[in-house]
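S.K.: Structure below; questions to follow.
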Amino acid sequence: MGEELLTIDHLHTAFKHGTEYYDAVDDVSLKIHKDEILAIVGESGCGKTTLAKSIIGLHDLKRTKISGHIGFENEELVGASPAKFDKLRGSEMGMIFQDPLAALNPLMRVEDQVREVLDYHTNYSAEKKHKIVLELLDQVGLENPERVARQFPHELSGGMRQRIIIAIAIACKPELIIADEPTTALDVTIQAQILDLLRTIQTQNHAGIILITHDLGVVADTADEVVVMYAGQVVERGSVSQIFNHPLHPYTRSLLKSIPQADHPGDRLYAIEGSVPPLTKMPHDGCRFAPRIPWVPESAHEKKPTMHEPEEGHYVLCTCYQSFKFENGEAV
Amino acid sequence: MWKTILRRVVIMIPQIVILSLLVFILAKFMPGDPFTGSITPQTDASQLHALKVQAGLYDPWYTQYVHWVVNMFHGDFGTSYQFKEPVMAVIGGRAVNTLWLSLFTVILTYLIAIPLGLLAGRYEDTNLDRGIMFFNYVTYAIPLFVFLVLGLWLFGYVLGWFPSGGSISLSANGFFGNALSRLYHMILPGVLTALLSTTSTVQYLRSEIVDQKHQDMVATARAKGVPERKVFSRHILRNSLLPIAAFMGYSITGLLGGSVFVEQIFVYPGMGQLFLNSISNRDFSVITALVMIYGILALFGTLLSDIIMSIVDPRIRIK
C-alpha cells in the first residue's frame, strides 16, 4: 500500500431543499492511498456521486453545505477557493463520468477537448500539446489517434468516447482519479476493457482511484478496498477479501445475496425490500437500514449507531450485524 | 459542409415549383385581368378581346403558367393596375426601404435579446434574472400596434425627438446626408419593434443556458480545471446558442417581408405597406408578385437557417 493520498473525516454534504438543508452524505470517513483502487458501492441515491462531487468540488455552493474535513496532499479541500479547485482539477485530480456521450461537448473536436486540460495546466507549445494528445489517445487504446483526434464525439462509439473521457482525466497524470460508474453505460465486453484500462493506468501512473459503482462484479475484479454506502452513510468498509468473504453489515450481505449465482440456476433472485428513503424523510436517529429488515428486533440495533472494528481494517456501522439472519433463517 | 448546402438547394427546387403553381392557381381564381383597370365606357369589346388573345389569356393554363414563370425569371411580374407601372418597379424601391428597416430591427433585436438572455441564464434565480424575465413578460404582453402608437405619440409628437413618418426627409442630400436621414427615420420604428421582438430569443437563450449548466459535459469541463468564466463562454454559451442560430434564418427573411403594423403606423413606404395597400385596391398583379416573393423568402429563410446550423453544429453536416 502506498502513502496516504486522500483523507475524509466526518464529511457532511447537505443539499438545500426549500429552506432546510438535508444531509446527502452523512458523517463519512475514509482514506485512499496511492496505488490503490477504492470502490464505493451502494444503490442509487445512497450518496456515492454526492461524495465524489464533494471531493472534486463540483457542487453548487449556493445550494450545498459541506462540512467536515477532506485532506488531499496536505491541503484542506472543504471550503477551498474556486481558484484552488481550478488548479487541482485536471492536474491533480481527474474525474471520469458515467455517460460518455453526455460528458463530451458535441461541438468540439476530440483533440480540442483533450487539449483543453493541457491548456490550463501546462505551458507546452502547441506542437507538444498535439503530440501529448495523440500519445494519450494511443495510451487509452484508441487505434489511429490522428484520425480520432479530428473527429467529433457523435462519430465515435460509446466505448471510444469513454476512452476519450479517460484520456482527459489522465492527461496531466493526476494523483487521484474519481471514476463515477465508468462502465454503467457500456455493454459487458466494453466494460471489461475499460476496467482493464483503468487498472493499467493505475499501475503506470501510481494513481489512487476511487471507483464508484453499484456493480459488485466490477468491485470484486478491480478494487483493493471497498466502502459500502447506504442512505448517505458508510455502513461497512474493508478490503475486497474481507467484504466478499466475510461480509458483516446486513446491507452488504443482502447486496451480495442479490447477485445472480451461475451455480444455482432457477433460484428466485434475492431482492431487498423497500428502497432508500428520500433525503427529506431520512431518519436522524437509529439504524437507517432497520426499516428494510423489519424482522430484526429493535434491540439488535444501536440507538445511535457507531462504527465497530471487529477485525483489523474491517469497519461496520451499528450492532445489528452481530445477530442478523435473513428472513428465511440463513446466516449468509 | 458544401455537400449539405448543395443538397439543401436541390431540395428547394421542387418546393419553389410547388409554390409557384399554388400562387399561379390562386392568381387565376382572382377576378379581373391585366386590362380590367384600363376599361373605360369607350372601350370596344372586340378590341379588348383581341388584346386578351394577344396577351395569351385564352391559352391553355399550362401555356400561361410556363409563360408566367419565364417572365418571372426575366423579372417581369406584369403591370400594377393601381400604379400603371411594372410591378418590379413598384416593389423595387419599397423593398430597399424595408430591407434597411428590417436589417436595423433584426440587428437591434439580437443586440438587446442575446445579452439579456445570457445574463438571465448565467445569473439564474437572482434579482437580475427576475428583472429580465419581468421585462420579457411585459414586452410579450403588449400588443405591437399599441406599443408603436404610444411610442409614436410620445417620441414623435410630445417630445418630437424623431420624425413621425416617412423613410427619408425631402431636404436630405449627398450620400451621408441621405444615409443619416434614413437612419434617423428608422430609429423610432426600429427600436420600438426590436424591444417587442426579443421575447422568444431571451426565453430560449435563458432556458438553454440553465439547461446546459447542468449537463455532464459542463461538469467534465469543470473537472478539467477550466475556470468558471471559460466554462461559460466555451462550453455553455456555444451550445446554448444553437436554437437561436436555428431561428436566425427565419427571422431575417421573415422581417424582410416588412411589418404591416410598423410600416402602416409610421407611414414607412415599404413592402408591408404596399401589400396592405394592394389588397385594399385589389391590385392583383402586385399581390401575386408579393405572395410569390414572400414564399421564396420563407424558403430561403429555412435554407439560411440550415446553412447556419450546419456551420455551428457538426452533427448536422452530411458526410
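Just so you know, the sequences run in chain order A and B. In terms of the working numbering, the first sequence has 1208 at position 100, counting the first letter as 1, and numbering is strictly consecutive. In terms of the working numbering, the second sequence has 230 at position 126, counting the first letter as 1, and numbering is strictly consecutive. Glycine included, each C-beta is placed from N, C-alpha and C at the ideal position. None of the values given here were measured: they were computed from a predicted structure.
For Phe259 (chain B), which residues in the same chain have their Cβ closer than 8 Å to its Cβ, ignoring the five residues on either side in sequence?
M.R.: Taking the second sequence and counting its residues from 1, the one referred to as residue 259 (chain B) is at position 155. Result list for Phe259 (chain B): Trp265, Phe266, Leu292, in chain order.
S.K.: Measuring CB to CB, does Val1342 (chain A) end up less than 8 Å from Val1186 (chain A)?
M.R.: Counting from one through the first sequence, the residue named residue 1342 (chain A) turns up at place 234. Counting from one through the first sequence, the residue named residue 1186 (chain A) turns up at place 78. Not in contact: Val1342 (chain A) and Val1186 (chain A) (Cβ atoms no closer than 8 Å).
S.K.: By the criterion of Cβ-Cβ separation under 7 Å, what are the contact partners of Ile1164 (chain A) in chain B?
M.R.: Looking up residue 1164 (chain A) in the first sequence gives position 56. Neighbours of Ile1164 (chain A) on chain B, chain order: Ala327.
S.K.: Within the same chain, show all residues whose beta-carbon is closer than 6 Å to that of His1167 (chain A), passing over the 5 residues directly before and after it, in chain order.
M.R.: Walking along the first sequence from the start, residue 1167 (chain A) turns up at place 59. For His1167 (chain A), where only same-chain residues beyond five positions count, the Cβ hits under 6 Å are Lys1161.
S.K.: So, with DSSP's three-state summary, where would you put Val210 (chain B)?
M.R.: As a first step, residue 210 (chain B) must be located in the second sequence, where it is residue number 106. Residue state, collapsed to three classes: helix.
S.K.: List the endpoints of the continuous beta strand (DSSP E) containing Asp320 (chain B).
M.R.: For the purposes of this step, residue 320 (chain B) is identified with residue 216 of the second sequence, where counting begins at 1. Unbroken run through Asp320 (chain B) is the alpha helix (DSSP H), 320-327; no beta strand (DSSP E).
S.K.: Using a Cβ-Cβ cut-off of 8 Å (strictly less than) and excluding sequence neighbours within five positions of Ile272 (chain B), which residues of its own chain qualify?
M.R.: As a position in the second sequence, residue 272 (chain B) is number 168, starting the count at 1. Within the same chain, Ile272 (chain B) has close Cβ partners Asn282, Ser285, Arg286, His289.
S.K.: Can you pull out the residues from the segment 1209-1233 of chain A whose beta carbon lies closer than 7 Å to at least one beta carbon of chain B?
M.R.: If the cut-off is 7 Å between Cβ atoms, the segment 1209-1233 of chain A has Ala1210, Ala1211, Leu1212, Asn1213, Pro1214, Leu1215, Glu1224, Val1225, Tyr1228, His1229 near chain B.
S.K.: Using beta-carbon positions only, say whether Ile246 (chain B) and Leu296 (chain B) come within less than 8 Å of one another.
M.R.: As a first step, residue 246 (chain B) must be located in the second sequence, where it is residue number 142. As a first step, residue 296 (chain B) must be located in the second sequence, where it is residue number 192. Cβ atoms of Ile246 (chain B) and Leu296 (chain B): not closer than 8 Å.
S.K.: CB-CB under 6 Å to Ala1211 (chain A), same chain, minus the five flanking residues each way: which ones, in chain order?
M.R.: Against the first sequence, residue 1211 (chain A) aligns to sequence position 103. Here the set comprises Phe1205, Ile1273.
S.K.: Going along chain B, which residues have a C-beta under 8 Å from Ser1203 (chain A)?
M.R.: As a working mapping, residue 1203 (chain A) is identified with position 95 in the first sequence. Checking the sequence, you will find Met at residue 1203 (chain A) rather than Ser. The answer, in chain order, is Ala323, Thr324, Ala327.
S.K.: For a test of the three-state rule: what should DSSP assign to Arg1217 (chain A), helix, strand or coil?
M.R.: In the first sequence, residue 1217 (chain A) corresponds to position 109, counting from 1. Arg1217 (chain A): coil per DSSP, three-state reduction.
S.K.: With DSSP as the reference, please indicate the residues paired to Ser1175 (chain A) in a beta bridge.
M.R.: Here residue 1175 (chain A) refers to the residue found at position 67 when the first sequence is read from its first residue. Looking at the DSSP assignment, Ser1175 (chain A) forms a beta bridge with A:His1120.
S.K.: From the DSSP secondary-structure annotation, give me the bridge partner or partners of Asp1131 (chain A).
M.R.: The sequence position of residue 1131 (chain A) within the first sequence is 23, counting from 1. Beta-bridge pairing links Asp1131 (chain A) to A:Ala1122.
S.K.: Tell me which same chain residues have a C-beta within less than 8 Å of the C-beta of Tyr1232 (chain A), skipping the five on either side of it?
M.R.: Taking the first residue of the first sequence as position 1, residue 1232 (chain A) is located at position 124. Excluding positions up to five away in sequence, the list reads Leu1226, Ile1240.
S.K.: Could you tell me if Gln158 (chain B) is buried or exposed, where buried requires 16 or more neighbouring beta carbons within 10 angstroms of its beta carbon?
M.R.: The residue labelled residue 158 (chain B) in the question sits at position 54 within the second sequence. So Gln158 (chain B) counts as exposed.
S.K.: Can you name the residues of chain B whose CB is closer than 8 Å to the CB of Ser1199 (chain A)?
M.R.: As a first step, residue 1199 (chain A) is located in the first sequence; it is residue number 91 there, counting from the start. Result: Gly329.
S.K.: Just the Cα atoms here: how many angstroms apart are Ile129 (chain B) and Met116 (chain B)?
M.R.: Within the second sequence, the letter at position 25 stands for residue 129 (chain B). Within the second sequence, the letter at position 12 stands for residue 116 (chain B). If I take the Cα positions, the gap works out to 20 Å.
S.K.: What does Asp1207 (chain A) touch in chain B if you count any residue whose Cβ is under 7 Å from its own?
M.R.: Here the question's residue 1207 (chain A) lines up with position 99 in the first sequence. Simply Asp320.
S.K.: Please compile the residues from chain B whose C-beta is within a distance smaller than 9 Å of the C-beta of Lys1195 (chain A).
M.R.: Position 87 of the first sequence holds residue 1195 (chain A). What Lys1195 (chain A) touches in chain B: Gly329.
S.K.: Between the Cα of Lys156 (chain B) and the Cα atoms of B:Pro145, B:Gln146, B:Gln168, which residue gives the shortest distance?
M.R.: The residue you call residue 156 (chain B) lines up with position 52 of the second sequence. It is B:Gln168.
S.K.: Buried or exposed for Trp106 (chain B), please, with buried defined as at least 16 other CB atoms from any protein chain shown within 10 angstroms of its CB.
M.R.: On the second sequence, residue 106 (chain B) is found 2 positions in, with the first residue counted as 1. So Trp106 (chain B) counts as exposed.
S.K.: What is the DSSP secondary structure of Met237 (chain B), counted as helix, strand or coil?
M.R.: Taking the second sequence and counting its residues from 1, one reaches residue 237 (chain B) at position 133. Three-state DSSP puts Met237 (chain B) in a helix.
S.K.: Give the single residue among A:Ile1174, A:His1120, A:Ile1145, A:Leu1138 whose Cα lies nearest to the Cα of Gly1110 (chain A).
M.R.: Counted from its first residue, the first sequence places residue 1110 (chain A) at position 2. For Gly1110 (chain A), the nearest C-alpha among the options comes from A:Ile1145.
S.K.: Using a Cβ distance threshold of 8 Å, determine whether the segment 341-350 of chain B contacts the segment 397-408 of chain B, with at least three qualifying pairs required.
M.R.: These segments do not touch.
S.K.: Please list the residues of the segment 1164-1194 of chain A that have a C-beta atom closer than 7 Å to any C-beta atom in chain B, keeping them in chain order.
M.R.: Those would be Ile1164, Leu1166, Pro1190, Asp1194, in chain order.
S.K.: When the Cα atoms are used, what is the spatial distance from Arg1271 (chain A) to Gly1198 (chain A)?
M.R.: If you number the first sequence from 1, residue 1271 (chain A) lands on position 163. If you number the first sequence from 1, residue 1198 (chain A) lands on position 90. Those two C-alpha atoms are separated by around 16 Å.
S.K.: Given that His1262 (chain A) touches chain B, what residues does it touch there, using C-beta distances under 8 Å?
M.R.: Within the first sequence, residue 1262 (chain A) is the residue found at index 154, counting from 1. By Cβ distance, chain B contributes Pro418, Arg419.
S.K.: Does any CB atom of chain A fall closer than 8 Å to the CB of Glu332 (chain B)?
M.R.: As a position in the second sequence, residue 332 (chain B) is number 228, starting the count at 1. True, the Cβ-Cβ gap to chain A drops below 8 Å.
S.K.: By DSSP's criteria, Asp315 (chain B) is part of a beta bridge. Which residues make up the other side?
M.R.: Residue numbering aside, residue 315 (chain B) sits at position 211 when the second sequence is read from its first letter. Partner(s): none; Asp315 (chain B) has no beta bridge.
S.K.: Can you tell me where the beta strand (DSSP E) with Asp229 (chain B) in it begins and where it stops?
M.R.: Walking along the second sequence from the start, residue 229 (chain B) turns up at place 125. Premise fails: Asp229 (chain B) is in no beta strand (DSSP E) and is neither H nor E.
S.K.: Kindly indicate the opening and closing residues of the beta strand (DSSP E) around Arg1051 (chain A).
M.R.: Missing from the structure shown is residue 1051 (chain A); chain A here goes from 1109 to 1440 and no further.
S.K.: Identify every residue that forms a DSSP beta bridge with Phe1180 (chain A).
M.R.: Counted from its first residue, the first sequence places residue 1180 (chain A) at position 72. DSSP output for Phe1180 (chain A) lists A:Leu1114, A:Glu1183 as bridge partner(s).
S.K.: What three-state label does DSSP hand Leu1146 (chain A) in the structure shown?
M.R.: As a first step, residue 1146 (chain A) must be located in the first sequence, where it is residue number 38. In the structure shown, Leu1146 (chain A) sits in a strand (DSSP, three-state: E or B).
S.K.: Using 8 Å as the limit for Cβ to Cβ distance, is Ile1276 (chain A) near chain B?
M.R.: Here the question's residue 1276 (chain A) lines up with position 168 in the first sequence. It does: the Cβ of Ile1276 (chain A) has a partner Cβ on chain B nearer than 8 Å.
S.K.: At least one CB of chain A closer than 8 Å to the CB of Arg342 (chain B): is that the case?
M.R.: Translated into positions along the second sequence, residue 342 (chain B) becomes position 238. Yes, contact with chain A.
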